[in-house]
Amino acid sequence: MGGKPRKRPMNLFAEIRSLIVTTLEGMVREGALPDGLNFDPITAEPPRDAAHGDMATNAAMVLAKPAGMKPRDIAEALADKLAQDARITSAEVAGPGFLNLRLAPGVWQQVAGAVLAEGTDFGRSSLGKGLKVNVEYVSANPTGPLHVGHTRGAVFGDALASLLDFAGYDATREYYINDGGAQVDVLARSVYLRYLEAHGQDVAFEDGTYPGDYLIPVGQKLKDKVGDAFVDKGEQFWLEEIREFATEEMMNLIRSDLEALGVEMDVFYSEKSLYGTGRIEAALDDLKGKGLIYEGVLEPPKGKKPEDWEPREQTLFRSTAHGDDVDRPVMKSDGGWTYFAPDIAYHYDKVQRGFDALIDVFGADHGGYVKRMKAAVSALSDGKVPLDIKLAQLVKLYKNGEPFKMSKRAGTFVTLRDVVDQVGPDVTRFVMLTRKNDAMLDFDFDKVMEQSRENPVFYVQYAHARVASVLRKAADAGIPADEATLKAADLSLLDHEAELGLLKKLAEWPRLVETAARTNEPHRVAFYLYELAGDFHGLWNRGNEEPQLRFLQEDDPATSAAKIALARATAIVIAAGLGILGVTPAQEMR
RNA sequence: GGACCAUUAGCUCAGCUGGAUAGAGCGCUGCCCUCCGAAGGCAGAGGCCAGAGGUUCGAAUCCUCUAUGGUCCGCCA
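For the first sequence, the numbering used here begins at 5 and goes up steadily by one.
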């Protein structure tokens, strides 16, 4: 990467936009436009309808009002100047004041060259340069294996972190271990039962224990470790030790689940490490210093009142001062912390670690938690560190079109491992990203394995594999198609409208990366890849009817080199996109 | 009672933080494989963007209200 003469990332839309702005600044100097205009809202984007041109700008319409001029007048003046640039072949005013630009074919052809030169780094952005962002995801309780619900959050968070990295941010992947609450006591007691079982005792799993089989080996392992030291002993003798032992075992289980999915965390942050170390107190002191902690009584929730409601004075965080609907308790009536308190301390710690932005990925059932968490971070960072919370909606499982019921009680609850074992990590990851995070997702075990256009995973993989096939065929036919040949190819031979169409799609990649990163929406990458694959397959298919569009032109090595370069560039962008999603590109389909 | 999310073609969903005639896949209709790249391809029909107001040059997109569905609501994490 470094050391090459052209290190500026190639983003055509950004280039043309800056050309437009520069031109407008020139017009201001000449007096054609008044001083003090704000150029920020100006865009350069692909028009919805390709018939309108290659790029459209709203400059004239955005500036008309502040400049006190007619949009068409501005547009026409701007059009004349832009048309003088070598990259622009035509600039036409349309409709209320749109300016439609057509770019010289050479501009598009050069995109393939840029992709070949930069490889899968093509499209990397400096959007997040110098900014540290923390992405917290999964953060499942260490009480059992991960299930499908966690899977979506895991894939989403991981892809988001990769996307942000690609967009120039320094992203940290973090897992918050809830090892400080009552649920790990429940875990410890459950493991104790399995331990007794390993010693040959009959045990009963009552309500409030975890009956899952996955604890059987943990009980056995505990027996191997401590022998019969804890048998027939009271809780006070073993609870703490087993809690620690069991939590570690569960985290190993979770880590291996994540590994099966290809997820690797940078940081595992323990909730327990916040207790008894003064860190919760420090965080609350910070809030206290800002006058946001007080003793008070909350109103009962209306409509649905708990049976045993009674007014109670508690220590409260004035979250309403930062956008929440009601103030939230940080201390229970028995003097212990609520769950919210260590969470505040944890986020305080993230702020202290110097992150410029925080992202939390929660399950949809934590939706009610969003406002108070944002309020806390806003208060702790004096509004300086934005916290974006992404909710991963439910996953509905299907088998052959039939809903697949999942119930913990009936023992039919589906784990991450079940899914990955059945369809593989690549399919799991891609499918989980074929929907916005806040929409429900249908996951059909059969459909995701189908080999058809209907299945985006297959369709995208197939495009990549087809390029690999072209390269293999070229070798068979004795057509040179090594990297050096492709890089030296005369790309001006790619002058067919279908080829230019594919080039234009490739040119959108850098822009898409920035949009997706700005909105924290990795699913956009998946949809883009599907469209890109569609354009590629479309060009391929046209080769059936129009042989001159085929990538291999037996008796014309120069043309072949250009066309193969285009195919190769497509594969590179697909590989880069799949890389963000954490999916391995396929070399061939089976 | 309240909060958050969703509502776009018959179905499943995109829609690039406000742009032009709202897109894709499936399904439907009609064409296209003796051969050259059909695990398919081409073309077509199909829409009051849940509804009503508002903001402005311009709204599926922003604001308000309403309807429907989902998630959640003080000592559970």
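Beta carbons: idealized from backbone N, C-alpha and C, even for Gly.
If you're wondering where the values come from, they're calculated on a predicted model, not measured in any experiment.
Considering Cα atoms alone, identify which of the options is closest to residue i.
| i | options | result |
| --- | --- | --- |
| Y373 | E299, Y352, I348, G358 | I348 |
| P600 | E49, A71, F366 | In the structure as shown, the chain begins at 5 and stops at 594. Residue 600 is therefore absent and cannot be evaluated. |
| L556 | A492, A479, L107 | A479 |
| L504 | H154, P407, W112 | W112 |
| G117 | Q591, R594, K567 | K567 |
| Y279 | F540, G184, D560, A488 | G184 |
| Y218 | G110, E253, V139 | E253 |
| G134 | A95, A175, L395, V159 | A175 |
| A325 | W513, L384, M335 | L384 |
| A345 | L475, A571, V334, P315 | V334 |
| K136 | A511, L168, V427, G282 | L168 |
| E122 | L291, I576, S22 | I576 |
| V365 | A481, Y180, G295, I483 | Y180 |
| R106 | D89, V115, L543, A192 | D89 |
| A186 | L243, D44, N138 | L243 |
| L533 | V464, Q591, E239 | V464 |
| K1 | M59, S22, A36 | Because the chain spans 5 through 594 in this model, residue 1 falls outside it and cannot be assessed. |
| R193 | R177, D206, G212 | G212 |
| D559 | T574, V235, A481, N138 | A481 |
| R439 | M453, A380, A530, V452 | A530 |
| E275 | E178, F540, T489, G358 | E178 |
| Y141 | E245, Q455, F272, G327 | F272 |
| D329 | N404, W544, A380, A590 | A380 |
| G340 | I284, R33, D331 | I284 |
| V424 | V267, P304, L543 | V267 |
| D338 | Q318, T93, T26 | Q318 |
| G35 | A54, L23, M73 | M73 |
Ordered along the chain, which non-local residues of its own chain (more than five positions away) have a Cβ less than 7 Å from that of residue i?
| i | result |
| --- | --- |
| G223 | V195, R198, Y199, E201, A202 |
| P75 | A64, M65, A68, P100, G101 |
| Y298 | L320, R322 |
| D446 | K400, Y402 |
| Y421 | A small correction: the amino acid at residue 421 is Arg; Tyr does not occupy that position in the sequence shown. Same-chain partners within the cutoff: P149, D261, A264. |
| R528 | L516, T519, A520 |
| K294 | A383 |
| K227 | Y199, A202, H203 |
| Y343 | G185 |
| N404 | D450 |
Could you tell me which residues DSSP puts in a beta bridge with residue i?
| i | result |
| --- | --- |
| W341 | M335 |
| A95 | L105 |
Less than 6 Å between C-beta atoms, sequence neighbours within five positions excluded: which residues of the same chain meet that for residue i?
| i | result |
| --- | --- |
| R413 | For R413, the predicted model reports a pLDDT of 49, less than 50, meaning its position is unreliable; a value from the coordinates is still stated below. None. |
| N441 | F160, K394, A396 |
| M593 | Y466, A469 |
| F209 | P215 |
| S1 | Lying before the first or after the last residue shown, residue 1 is absent from the chain, which here runs from 5 to 594. |
| G172 | S129, S130, L131, G132, K133 |
| A361 | V137, P390 |
| N182 | N145, E275 |
Can you tell me the Cβ-Cβ gap for residue i and residue j, rounded? I've got them flagged as a contact below 8 Å.
| i | j | result |
| --- | --- | --- |
| G586 | A163 | 6 Å |
| G367 | G216 | No, G367 and G216 are not in contact; Cβ-Cβ is about 19 Å, not under 8 Å. |
| L398 | G153 | 7 Å |
| A562 | D486 | Actually they are not in contact, since the Cβ atoms of A562 and D486 sit about 15 Å apart, beyond 8 Å. |
| T432 | T124 | So it is not a contact: roughly 22 Å between Cβ atoms. |
| M363 | M377 | It should be noted that the sequence gives Ile, not Met, for residue 363. Not really, about 11 Å apart at Cβ, beyond 8 Å. |
| M255 | P146 | 5 Å |
| I78 | L150 | With a Cβ gap of about 57 Å, I78 and L150 do not count as contacting. |
| R470 | L120 | 18 Å between Cβ atoms; not a contact. |
| G132 | A521 | 7 Å |
| A579 | H468 | 7 Å |
| L536 | A502 | Not confirmed; about 14 Å, so no contact. |
| E512 | P51 | Not really, about 12 Å apart at Cβ, beyond 8 Å. |
| N15 | P514 | 4 Å |
| V188 | T251 | 6 Å |
Among the residues of its own chain, which have a CB less than 8 Å from the CB of residue i, if the five just before and after it don't count?
| i | result |
| --- | --- |
| T588 | D430, L582 |
| Q426 | F449 |
| F359 | K136, V137, N138, T176, V389 |
### Unbroken stretches of the beta strand (DSSP E), 3 residues or longer, contained in the segment 348-409
361-367, 391-396, 399-403
### Query
Considering only residues of the segment 418-500, which uninterrupted beta strand (DSSP E) runs meet the minimum length of 3 residues and lie entirely inside it, listed in chain order?
445-448
### Task
Please specify which runs of the alpha helix (DSSP H), each continuous and at least 4 residues long, are wholly inside the segment 125-192, giving them in chain order.
152-170
#### Entry: Sequence ranges, alpha helix (DSSP H) only - wholly within the segment 16-68, length at least 4
16-33
### Query
Counting only runs that start and end within the segment 244-324, where is the beta strand (DSSP E) found for 3 or more residues in a row?
271-274, 297-301, 317-321
### Query
Where are the alpha helix (DSSP H) runs, 4 residues long or more, that stay fully inside the segment 190-221, in chain order?
none
### Query
What are the start and end residues of each continuous alpha helix (DSSP H) run of 4 or more residues lying completely inside the segment 534-586, in chain order?
561-585
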